[in-house]
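The sequence shown lines up with residues -19 to -1, 1 to 128 when you count with mature numbering (1 follows the signal peptide of the UniProt record, and there is no 0). Don't be surprised by glycine CBs; every beta carbon is placed ideally from N, CA and C.
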Amino acid sequence: MKRIILFAVLIFAFTRVDAQLEQPVSWTYLAKKVNKNEATLYLKAKMQNRWHIYSLDVKGIPAKTSFSFSPSKDYILIGKTIAPKPVSKFDKILELNLTYFENEVVFAQRIKLNKTSTIVKGKVEFMACNDKKCLPSDEVAFSIPVK
């Protein structure tokens, strides 16, 4: 019985380590001032070959991509985070029309500046999938300097 429990623990331990090592999505960030009172934040996701992340408004089971920005007196969000048109495909297993991004995607968020320079902090939550599997939902913190 002890061997069975030890075997099960080892299987789960190695599976979790493997999932942590697999990171098919990398993120980069940039801020560009529109004028002295406004800036646009660009949040770019680059996916490895055959991987995708779901859109901002995917309906149903998969975890949609979402951004949350830390509150600050230095800036105010203008509108919602925007994205280009995603790929749309009907999933036969889920019986849902899914929308997602492949290769790379750039999200944009406009902000009104209450200070000439600041750092915008927040996090992005997303789920990466390929045609064989989906990884657990991931959360990545970001810090974007606006100068």
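Assignment of P126 by DSSP, reduced to helix, strand and coil, places it in the strand class.
For the beta strand (DSSP E) assignment, the uninterrupted runs of no fewer than 3 residues enclosed by the region 30 to 68 are, from N- to C-terminal side, 33 to 35, 47 to 50 and 56 to 63. For the set K102, K14, F82 and N95, the Cα lying nearest the Cα of A109 is the one of F82. N18 has its alpha-carbon roughly 23 Å from the corresponding atom of K25. Around the beta carbon of V68, a 10 Å sphere encloses fewer than 16 other beta carbons of the protein chains shown; the residue is thus reported as exposed.
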